[in-house]
Amino acid sequence: MSSAPSLLRVQNATFIRGGRRILKGIHWEVTRGQHWCVLGPNGCGKTSLINLITGYEPATDGLIQIGSDTFGGSDWREVRRRVGLVTNTLTTYLEPGEPILHVVASGRDAKLNLWQPPSATLKKQAMGLIQAAGCGYLKNSLWGTLSQGEKQKILICRALMAQFDVLILDEPCAGLDPVAREQFLSWMEEISTWPEAPSLVMVTHHVEEILPCITHVLLLRDGAVLAQGKKEKTLTSAALGAVYGAPVRLSRRKGRYALQVLA
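Once you know that position 184 of the sequence shown is 310 in my numbering, the rest is easy, because the numbers rise by one and skip nothing.
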């Protein structure tokens, strides 16, 4: 375990649903200054792990901690305000006619579809984030008119309004074309350099989306941890071959990764 302050700790987390053991004794810790990638194939338990951390599913066994608060011993609605989650499921809850400034400002109190306009102070802060994302041209737009890439950026802005300790990005590039994906990833790399940046946790099954700023990797397969640790030691062709159940070759160029499936 690191000597740095723990932001998030998962100890022996097990999750059983309908008689199926989805997560099998997960141990994982995120400390301040680390940026993680949770990597694994579809169905390996990535989303279930995130649901346990954010309190949307209770662990069958084990311990979930955010800072000094433990799930079951604290009001998780309050604790959840320290861990942001950006997921495509949010897009289904936002009204198409919601102004973009309102969408971003609503992140401060983790609310959706505000009944009253946000204060001038919140609007100013929201506008600052929108401009930092390169989306100033959207300031008068409505949610329903945005492209998928624009929606992802606005959701990140919304999350940053809350000033989380940890920001979880669940498949953030899903549905983006190659150009939009690279633009989005470039912005995430920039966010990681901000003085008050949260620890990022990117959940994906594509090594191509692992940014240079990512310091650590958690590899999942069949609901269990296959490997975890510093990126340079954990990301290997052998480890990824075991994760995906096929021989692969991992390559790296200019800090970015590519994966080739071998015949």
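We put the beta carbon where it would ideally sit given N, CA and C, even for glycine.
Buried or exposed: residue 177, going by 16 or more other Cβ atoms within 10 Å of its Cβ?
Residue mapping note: residue 177 aligns to position 51 of the sequence shown, counting from 1. By the 10 Å Cβ count, residue 177 comes out buried.
Taking residue 317 as part of the alpha helix (DSSP H), name the residues at either end of that continuous run.
Your numbering for residue 317 matches position 191 in the sequence shown. Per DSSP, residue 317 belongs to the alpha helix (DSSP H) from 304-317.
Across the region 296-306 and the region 140-150, are there enough close Cβ pairs to call them in contact, namely three or more that are closer than 8 Å?
no
Write down every uninterrupted run of the alpha helix (DSSP H) in the region 168-240 whose length is 4 residues or greater and which is fully enclosed by it, in chain order.
172-180, 202-205, 226-231
State the Cα-Cα distance for the pair residue 153 and residue 328, rounded to the nearest angstrom.
In the sequence shown, the residue the question calls residue 153 occupies position 27. In the sequence shown, the residue the question calls residue 328 occupies position 202. Answer to the nearest angstrom: the Cα atoms are 17 Å apart.
Can you tell me which of the three DSSP states residue 289 falls into?
Within the sequence shown, numbered from 1, the residue matching residue 289 stands at position 163. It is coil, neither helix nor strand.
Could you tell me the alpha carbon to alpha carbon distance between residue 174 and residue 212, rounded to whole angstroms?
As a first step, residue 174 is located in the sequence shown; it is residue number 48 there, counting from the start. As a first step, residue 212 is located in the sequence shown; it is residue number 86 there, counting from the start. Straight-line Cα distance between these residues: approximately 15 Å.
For residue 244, count neighbouring C-beta atoms within 10 Å of its own C-beta (all shown protein chains included) and say buried if the count is 16 or more, exposed if not.
Mapped onto the sequence shown, residue 244 falls at position 118. Buried, because 16 or more other Cβ atoms sit within 10 Å of the Cβ of residue 244.
Is any heavy atom in the ligand ADP found nearer than 8 Å to the beta carbon of residue 174?
Of the ligands one can find in the structure shown there are none, so the ligand ADP has no counterpart to examine.
Just the C-alpha distance for residue 301 and residue 311, rounded to the nearest angstrom, thanks.
Indexing the sequence shown from 1 puts residue 301 at position 175. Indexing the sequence shown from 1 puts residue 311 at position 185. Approximately 14 Å, taken between the alpha carbons.
Where does residue 387 land, buried or exposed, given buried means 16+ other C-beta within 10 angstroms?
Mapped onto the sequence shown, residue 387 falls at position 261. Result: exposed.
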